[in-house]
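Residue numbering for the sequence shown follows our numbering, beginning at 1360 and increasing consecutively. By construction, the Cβ of each residue, glycine as well, lies at the ideal position given by its N, Cα and C atoms. Written below as structure tokens is the structure these notes are about.
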Amino acid sequence: MECFDQWNAIGFETRTVNVDEEAKKLRASGLTADRISIIDPRDSGASLFAKPVPRIKPLLESLASEASHDFYVITNSDIYPAVRSASVVSFWQKTAEALALTREECIDLDGHGFADHNPYHGGLDTFFMTKNSLRLISEKLAKIPAAERMAFGVPGWDYMIGACMLTPEVGGHFADSRCLLHVSHRQSYADIQEFKHYIPAISHMGITTASGVAEAAQQFSERIHMECIKHESESRMARLICFSPPAMSRNQSEPMNSVEQIMGQLSSLLPRLEEQYRVSVIRSLVVHFTTRNGGLQPVLHAMLDSRSRLFQFSQALFVIALALHCKRSVTGFNISETYPRGNRHAAALKNILSRESPSAGALRVEIASLFGIELIDYRILNRRLFDYLALSCANSSERHLLAEIKHLALEGEHAT
């Protein structure tokens, strides 16, 4: 609802697509009936995936037959527009009649500013189509049997539409949106093997030469990256003219006292802290780690974007220390040194160590991430990983941060 309201607020005529059972819940939450497009259960993924997510092909066919608008924008329900108004469409129209847009990963919507740039090239989340390109894409999908499986929330549908857009008949493009935000979270896909159904069609359209799921996904991701580089100037212009932070309506008070206190505590460890991290970013992280019981994994995913392996390691240690400061202010944050039965620690460590010729810099960042996620998200302190990190420190700032982590982690009682 929050995301939906944001699209409405900037001037789009927005619809949410749902089966009747979901529509009842939305109406009960205050959404008016004219904003809900109810689909037949047969046009959902209920029979294929045991969940009533809208299937893409029937939706596009319905829109193409209606064709009452000059253009359409289709997006996932967790993509927030960080623009002043719907006028951003004018930039998309100048780029191509069909445009697939990437999302910007962020830790917190309120803390994402103009200077932040963290595009995700592993998939496509938003599609702009004129009436004509919508018709062409719908006609192409009608000839592909696997297109019947395409559904929101199930991997692969974005690759199929994206591949159709790049064909000469459609003449579409991929581009970084630079203004469509997504809050990082753990991957929710149930089965990545769903990709295999689309490989023959995507291969026929010239996007991949692979037969395996992992290789095909990697080749498609590389194509997204190359296309976004080609159209970087258009993306930059759209951001320069249209970007505006989302006007969120969440009823939460920012813990400014906590921010100032934590900044003071950590500034002694990192004298150039305020040069490296804006106060708005720290504020967002404090909100994430305290009021939302947020985990470390999405934060690491969003923040470890420095090209310098040296600075990445420092970033990882800083975020772990910050999270511990926040978690220690929340009652009931007890840390254990014993892994539960059936844990996946050994498998995770083996996966890191088995990668082909990892550099020392890359390896210590991976180990720091594993140590931090286990400590913050699972409340497990692994002293062997800590010792490895201590031995891999390259300067006094890293050693001071690690000493702070040890001090915070060992406060209070431990389970045995």
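| Item | Value |
| --- | --- |
| Of the residues Asp-1437, His-1556, Val-1572, the one placed nearest Ala-1505, counting alpha carbons only | His-1556 |
| Reduced DSSP category for Leu-1655 - H, G, I as helix; E, B as strand; rest coil | coil |
| Nearest candidate by alpha-carbon position, reference Phe-1648, set Glu-1463, Leu-1740, Cys-1685 | Cys-1685 |
| Secondary structure of Glu-1464, DSSP reduced to three states | strand |
| Buried versus exposed, by CB contacts within 10 Å (16 or more), Asp-1429 | exposed |
| Cβ contact (3+ pairs, closer than 8 angstroms) linking the segment 1412-1425 and the segment 1552-1567 | no |
| Proximity below 8 angstroms, CB of Ser-1756 to CB of Arg-1723 | no |
| Coil, strand or helix - Ser-1436 by DSSP | coil |
| Beta bridge counterpart(s) of Phe-1430 as assigned by DSSP | Thr-1489 |
| Rounded separation between Ala-1459 and Arg-1508 - CA only | 20 angstroms |
| Buried versus exposed, by CB contacts within 10 Å (16 or more), His-1532 | buried |
| Proximal residues to Leu-1493 (C-beta, below 7 angstroms), its chain only, five neighbours per side dropped | Leu-1419, Leu-1422, Ala-1423, Tyr-1431 |
| For Glu-1778, the nearest candidate out of Lys-1490, Ile-1588, Ser-1580 (CA to CA) | The shown model of the chain, from 1360 to 1775, leaves out residue 1778, and the question about it has no answer. |
| Cβ neighbours of Asp-1364 in the same chain (closer than 6 angstroms, five flanking residues each side left out) | none |
| Limits of the beta strand (DSSP E) - the one that Ile-1726 falls within | Where Ile-1726 is concerned, there is no enclosing beta strand (DSSP E), although the alpha helix (DSSP H) it sits in stretches over 1719-1736. |
| Option in Met-1524, Tyr-1737, Asp-1746, Ala-1382 with minimal Cα separation from Thr-1454 | Met-1524 |
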